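So the sequence shown is residues 83 to 265, counted in this note's numbering.
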Amino acid sequence: MKRLFFSTMAFASAFAMAPAAHAVDFTPNDPEFTVRGDIDDGTVSADFGRSGIAAGTFQDTFNFIIDQTGLASGTLSTNTTRLTSSTDLDILSVFINGFAATKTIVGNAEFFEINDVAIASGVPNQIVVNGTSRGNGSYAGTATFEPTAAVPEAGTWAIMLFGIGGIGASMRVRRRQAKIAFA
């Protein structure tokens, strides 16, 4: 039993020496996609959009990669002085990683909002904007990212298991009881 205990603890302590992962890789693929923040701190904010969109239908795709798993939220808006004028732009849909944003129309403005979209670590993520321009339309959007709770590294798990094993071993030790005999 002692051999099994010590060999298990030796195996677990080997993982305790493993270094933590600190990879950072963020690549916006569109020049109209500005990003602020330090991915090491976890939070990131971004501005995206286009102006002077020619008449006709359009589809804009903003691609990005973040090396952390987390949640994103975003808004997008467009406004015009007069409906059906050359500056009028109708946004038909906005998607983040395939999830549709909610559309609200107030007067001459259109707003899209989406919250808590899962962002996968190290894989391409997308914001897709579909719409129709009447000649000189524009839209603007913002997005924020917050990492979710990190999964503990192998070293953290090994130290935790070593501690639990030590507690279990100390509880397993039997204490000898003294028997009192009366004459």
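Virtual Cβ for every residue (Gly too), placed ideally from N, Cα, C.
Just so you know, these numbers come straight off a predicted model, no measurement behind them.
As for any beta strand (DSSP E) of minimum length 3 sitting wholly inside the region 167-202, the runs are 171-178, 184-188 and 191-201, ordered along the chain. Taking a contact to require three or more Cβ pairs closer than 8 Å, the region 137-148 and the region 199-209 qualify as touching. Rounded to the nearest angstrom, the gap between the Cα atoms of residue 172 and residue 161 is 9 Å. The Cβ atoms of residue 157 and residue 195 sit closer than 7 Å to each other.
As DSSP reads the structure, residue 225 sits in a beta bridge with 128 and 156. Proximity of the region 116-135 to the region 177-188 falls short of the contact definition, fewer than three beta-carbon pairs being nearer than 8 Å. Looking from the CA of residue 214, the closest CA among 192, 228 and 226 belongs to 192.
Between residue 169 and residue 212, the CB-CB gap reaches or exceeds 7 Å. Assigned with DSSP and collapsed to three states, residue 248 falls in helix.
Restricting attention to 177, 228 and 137, the CA atom closest to the CA of residue 220 is found in 137.
Your pair residue 179 and residue 207 checks out as a contact, with CB atoms roughly 6 Å apart and the cut at 8 Å.
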